[in-house]
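A quick write-up on the structure given underneath.
2 protein chains.
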Amino acid sequence: MGISERKERERQEMRDLIVEKATQVFIELGYEKASIRTIAERIEYSPATIYLYFKDKDWLFLEVQSVSFGLLLKEFEKTQTIEDPIQRLHALGKAYLDFGIANPAHYELMFINKEPVNCIQKDEVEWHNGMKVMELFRSTLQSCIDAGKLKITNIDIAAFAIWGMVHGMVSLYVTNHYQVMDIPDEVARMMVYQSLDATMELLKA
Amino acid sequence: MGISERKERERQEMRDLIVEKATQVFIELGYEKASIRTIAERIEYSPATIYLYFKDKDWLFLEVQSVSFGLLLKEFEKTQTIEDPIQRLHALGKAYLDFGIANPAHYELMFINKEPVNCIQKDEVEWHNGMKVMELFRSTLQSCIDAGKLKITNIDIAAFAIWGMVHGMVSLYVTNHYQVMDIPDEVARMMVYQSLDATMELLKA
DNA sequence: TTGACAAACTAAACACTGTTTAGTAATTTT
DNA sequence: AAAATTACTAAACAGTGTTTAGTTTGTCAA
């Protein structure tokens, strides 16, 4: 009875197709302006079909977010070969800045928009990628603290300070809010990296 | 001929009424879910009337943002009595955190949403408040640098690092993205303040 | 005070949006 | 071949921002 297996496979392929095309549309237009009808056109099915595979727009979007987190995770994992925890942490920070600046649309979908679905429900979907990104960051931070190489010794405080800073800078850059500072684009980009460098320097024990 | 003056006054009153009610609705529902029709209901006029006073939803929203920036500015100005520039900077940071945490809806309208209108056009409207907030921050920062009390001596780098950090932390808090850190609300709030304190300590020359 | 003009306002429409319902077409099972 | 199940969609619903065309209101000169 290979039929049900094939059906299951086809169903998964259809899901993947929807997520793939939805990702394109979300990236191109942003969350609000990306419409179910546009996504439906891209997959060459009627809008109603999407609702046979996803509860609503938010849950589809969550799946798309997971794809974006996968991209960031890949960049993060590249840093894990670095031995020195402080250098590894610094590299994570740079990777974060690189990712946000190179993929502002992805970054916006991941971190700027309000969370579409609250955490309790998220377990239902493959939310791994976002969690893994966080775990990588925290474990690296813990290594720094364990090695006594960080001036801030509480992991939550350090996490908030560092993640807050890099996220804040990328947010300001991505949303153009930094423009009130009246400095050109390239300079702003430089400042972002130098601010990370400076802060990392201050953080070293 | 006081008639045209009265008319001008009435027109301004109508504008103010719209902005006042629009602010309420934006705060209650957020940018996307706040509808022109809902705002129209609150002012007890038809939706079309709003378009006689504002080009479109974005320009009305810009006016509302200006109100929010006025609130932040008021808090910022309270810190200006402090003599020591470092302490003043620290107080500014705290005021920023206080404001964001106490008024998450306002904060979201001001800093999380993408800019509705680009900067070049903004001059047409009273965009002063946002600028003044920035000026206050930068002048305080400059005072710290001039007094040789800051480890970072480039104002743009310091601005990006500090504003980035406080904005980032408030953003993470306001959008609930910090929840991936798996710490309760009150703890997160504490962390935010302690992260600022720790960073300020590191920044001191 | 009346008639003309201008300003203020709105009902209705247009082209969209997310989502649901009811019904059709295709496929699998009996 | 008939029945049952699955996959899909056309059409509708209630909402959105915005525009148009027309009405009501207020002002001013005759």
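In order, the protein sequence lines correspond to chains A and B. Taking the working numbering, the leading residue of the first sequence gets 9, the next gets one more, and so forth. Taking the working numbering, the leading residue of the second sequence gets 9, the next gets one more, and so forth. Just so you know, even glycine gets a beta-carbon here, dropped at the ideal spot from N, CA and C. Keep in mind the model is a prediction, meaning the values are calculated, not measured.
Any C-beta of chain B under 9 Å from that of residue i
i         : result
Val-174/A : yes
Thr-46/A  : no
Trp-67/A  : no
Asn-162/A : yes
Lys-102/A : no
Thr-207/A : yes
Ile-165/A : yes
Ala-42/A  : no
Ala-196/A : yes
Gly-10/A  : no
Glu-116/A : yes
Val-200/A : yes
Short CB-CB distance (under 9 Å) between residue i and chain A
i         : result
Leu-211/B : yes
Met-22/B  : no
Asn-121/B : yes
Leu-204/B : yes
Gly-156/B : no
Phe-34/B  : no
Phe-107/B : no
Arg-146/B : yes
Lys-159/B : yes
Ala-30/B  : no
Ala-169/B : yes
Integer Cβ distance of residue i from residue j, believed to fall under 8 Å
i         : j         : result
Ile-35/B  : Tyr-61/B  : So it is not a contact: roughly 20 Å between Cβ atoms.
Ile-163/B : Gly-101/B : So it is not a contact: roughly 16 Å between Cβ atoms.
Leu-211/B : Leu-158/B : 6 Å
Gly-108/A : Val-178/A : 3 Å
Leu-105/A : Tyr-186/A : The Cβ separation is near 13 Å, so there is no contact.
Val-8/A   : Phe-84/A  : With chain A covering only 9 through 213, there is no way to say anything about residue 8/A.
Ile-165/A : Ala-206/B : 6 Å
Leu-117/A : Tyr-39/A  : 7 Å
Lys-120/B : Ile-120/A : Note that residue 120/B is Ile in the sequence shown, not Lys. With 8 Å as the limit, Ile-120/B and Ile-120/A qualify as a contact, their Cβ atoms being about 7 Å apart.
Identified DSSP bridge partners for residue i
i         : result
Lys-82/A  : Paired residues: none, contrary to the question.
Lys-157/A : Answer by DSSP bridge pairing: none, since Lys-157/A is not bridged.
Lys-212/B : Leu-158/B
Per-residue burial, residue i [other beta carbons within 10 Å of its own, 16 or more giving buried]
i         : result
Thr-89/A  : exposed
Met-51/B  : Here residue 51/B turns out to be Ile, not Met, going by the sequence shown. The residue is buried, with at least 16 neighbouring Cβ atoms inside 10 Å.
His-214/B : This structure does not reach residue 214/B, given that chain B is present from 9 up to 213, and the question cannot be answered.
Glu-13/A  : exposed
Gly-156/A : exposed
Lys-15/B  : exposed
Pro-93/B  : buried
Ala-103/B : buried
Lys-222/A : Nothing in the structure corresponds to residue 222/A, since chain A is present only between 9 and 213.
Ser-43/A  : exposed
Thr-161/A : exposed
Gly-172/B : buried
Lys-29/A  : buried
Gln-73/B  : buried
Glu-91/B  : exposed
Ile-11/A  : exposed
Val-195/A : exposed
Arg-45/A  : exposed
Ala-110/B : exposed
Arg-17/A  : exposed
Ala-214/A : Coverage of chain A is limited to positions 9 through 213, which leaves residue 214/A absent and any answer about it impossible.
Arg-1/A   : Nothing about residue 1/A can be read from this structure; chain A reaches only from 9 to 213.
Ala-167/B : buried
Ser-214/B : No information on residue 214/B is available, as it lies outside the stretch 9 to 213 that chain B covers here.
| Looking at chain B, which residues of the segment 177-193 of chain A have a Cβ within less than 7 Å of any of its Cβ atoms? | Met-177, Ser-179, Leu-180, Thr-183, Asn-184, His-185, Gln-187, Val-188, Met-189, Ile-191
| Chain-ordered residues of the segment 62-86 of chain A with a beta carbon less than 9 Å from chain B | none
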